[in-house]
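Residue numbers (our numbering): 1 to 109.
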């Protein structure tokens, strides 16, 4: 049963200048390794999220490369030092060329 990849992100809406904030991300994804067979004996094709990128106001602030050993529904958290107001863009890149994106605003003041 295939699940539709669904990103979930927790970003504070506000922060003080210089404050270190934690950003938590999770995406619902089966992360098929390509090593399993289906009921008819055919190999299920590999389909994993291989790259996660976080950008703030168009500038990359975090990147992770994932491999087949990453579990289904991968969770990623990281810290960011708030300096200015703007928008985060989170992108998960799949082996099949699909991109899943989520955007969240941060107000610093």
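Note that beta-carbon positions come from the ideal geometry of N, C-alpha and C, so glycine has one too. Please read all numbers here as calculations on a predicted model, not as lab measurements.
Figure out for me which residue from the options has the closest Cα to the Cα of residue i.
i: residue 89; options: 97, 75 and 106; result: 106
i: residue 11; options: 25, 60 and 97; result: 25
i: residue 77; options: 64, 67 and 23; result: 23
i: residue 67; options: 87, 31, 3 and 45; result: 31
Can you find the residues in the same chain that come closer than 7 Å, C-beta to C-beta, to residue i, ignoring five residues on each side of it along the sequence?
i: residue 102; result: 7, 9 and 90
i: residue 61; result: 54, 55 and 80
i: residue 96; result: 47
i: residue 118; result: This structure gives no information on residue 118, because the portion of the chain shown stretches from 1 to 109.
Measuring straight from C-alpha to C-alpha, what distance separates residue i and residue j?
i: residue 38; j: residue 17; result: 52 Å
i: residue 81; j: residue 20; result: 4 Å
i: residue 51; j: residue 104; result: 19 Å
i: residue 74; j: residue 28; result: 7 Å
i: residue 43; j: residue 33; result: 10 Å
i: residue 5; j: residue 71; result: 14 Å
i: residue 94; j: residue 59; result: 21 Å
Please go through the same chain and pick out, in chain order, the residues whose beta-carbon is closer than 6 Å to the beta-carbon of residue i, but skip the five residues on each side of it.
i: residue 40; result: none
i: residue 108; result: 15, 17, 82, 84 and 85
i: residue 92; result: 27, 49, 52 and 100
Can you find a CB in chain C that lies within less than 8 Å of the CB of residue i?
i: residue 92; result: Absent here is chain C; the protein component of the structure consists of one chain.
Under three-state DSSP, which class holds residue i?
i: residue 6; result: strand
i: residue 107; result: strand
Using a Cβ-Cβ cut-off of 8 Å (strictly less than) and excluding sequence neighbours within five positions of residue i, which residues of its own chain qualify?
i: residue 36; result: 43 and 44
> Counting only runs that start and end within the stretch 20 to 104, where is the alpha helix (DSSP H) found for 4 or more residues in a row?
Replying inline: none
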